[in-house]
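Colleague:
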Amino acid sequence: MIEPKRRVARRDLYNHLDPEQRLQQIGYDYLTDESGAVLEAIPAGRDYFPTHVDDGRLWMAEVSADRRS
1017 MIEPKRRVAR RDLYNHLDPE QRLQQIGYDY LTDESGAVLE AIPAGRDYFP
1067 THVDDGRLWM AEVSADRRS
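Residue 1017 is where the sequence shown starts when you use this note's numbering, and the numbers rise one by one after that.
Given below as structure tokens:
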């Protein structure tokens, strides 16, 4: 996932769907943990194809509110 907001949204979604960490005992916070990350530029010729274009939307379930009726 390229954008941090997408990693945060995915972490929140997984924590919402698996709050007791039954499916993954280590949890999902690692999805947003950038400590120790080493980043470097992608060399010419190894870029994304087709080029990634972020439309600014998350395209995933909204977990900020309980929508049950």
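Ideal Cβ placement from N, Cα and C applies to all residues, glycine included.
In this text, all values refer to a predicted model and were calculated from it rather than measured experimentally.
#1: Below 8 Å CB to CB, which residues in the same chain sit around residue 1048 once its five sequence neighbours on both sides are set aside?
#2: Run the CB neighbour count on residue 1044, radius 10 Å, all protein chains shown included, and call it buried at 16 or more, exposed below.
#3: Under 8 Å, with one C-beta from each stretch per pair, do the stretch 1056-1065 and the stretch 1032-1042 reach the 3-pair mark?
#4: Between which two residues does the alpha helix (DSSP H) harbouring residue 1030 extend?
Modeller: A quick look at the data gives this:
#1: 1020, 1023, 1024, 1027
#2: buried
#3: no
#4: Here the alpha helix (DSSP H) through residue 1030 covers 1020-1033.
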